[in-house]
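Numbering (the working numbering), first residue to last: 109 to 259.
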């Protein structure tokens with residue numbers, strides 16, 4: 109085997125590894141009219157500098173009636189954020205504007221709709237526990253899960 113072939117192999121392996129790492133930095137999750145998420149845990153590699161979460165509402169009802177979103181916060185902030193969701197209202201995706209407790213907030217979407225949010229992993233630290241949940245009033249109690257960056 110020639111040096112040229114070895115170098116070409118290493119070169120293309122780098123591209124494949126980068127593409128594979130990028131795939132691990134994108135998460136697809138679904139929400140339903142039954143007030144469930146398709147995952148109860150979102151785990152992404154800490155090597156990702158940014159993460160994209162694609163949310164799809166597989167239900168049939170409009171956003172104003174049975175809309176879902178995805179919010180990520182520290183676990184300790186979950187109750188405070190959800191207590192404020194009704195006051196924040198639909199127009200603010202059920203999160204008060206500039207509420208620092210909400211690290212990631214997606215748009216509220218209705219049945220058949222999709223949305224994506226992309227965010228940096230440096231917003232998270234190793235010391236805290238994180239959760240994702242739907243901020244629509246009342247939904248959070250069953251529409252929630254763990255969010256983890258793993259080594």
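All C-beta atoms in this analysis are idealised placements derived from N, C-alpha and C, irrespective of residue type, glycine included.
Inter-residue Cα distance where the pair is residue i and residue j
i	j	result
residue 247	residue 209	18 angstroms
residue 211	residue 173	25 angstroms
residue 151	residue 202	24 angstroms
residue 254	residue 167	23 angstroms
Buried or exposed (CB count within 10 angstroms, at least 16 for buried), residue i
i	result
residue 244	buried
residue 187	exposed
residue 217	buried
Own chain residues within Cβ distance below 8 angstroms of residue i, not counting five before or after
i	result
residue 122	At residue 122 the pLDDT is 44, less than 50, meaning the model places this residue with poor confidence; the figure from the coordinates comes in the next sentence. Hits under 8 angstroms: none found.
Where the beta strand (DSSP E) containing residue i begins and where it ends
i	result
residue 163	158-165
residue 237	Here residue 237 belongs to no beta strand (DSSP E), and DSSP marks it neither H nor E.
residue 194	Taken as a continuous stretch (DSSP letters only), residue 194 belongs to no beta strand (DSSP E), being part of the alpha helix (DSSP H) at 193-196.
residue 178	First-last for residue 178: undefined, no H or E at that position.
residue 254	252-258
residue 136	134-139
Nearest-angstrom Cβ-Cβ length linking residue i and residue j, presumed shorter than 8 angstroms
i	j	result
residue 159	residue 135	7 angstroms
residue 183	residue 237	4 angstroms
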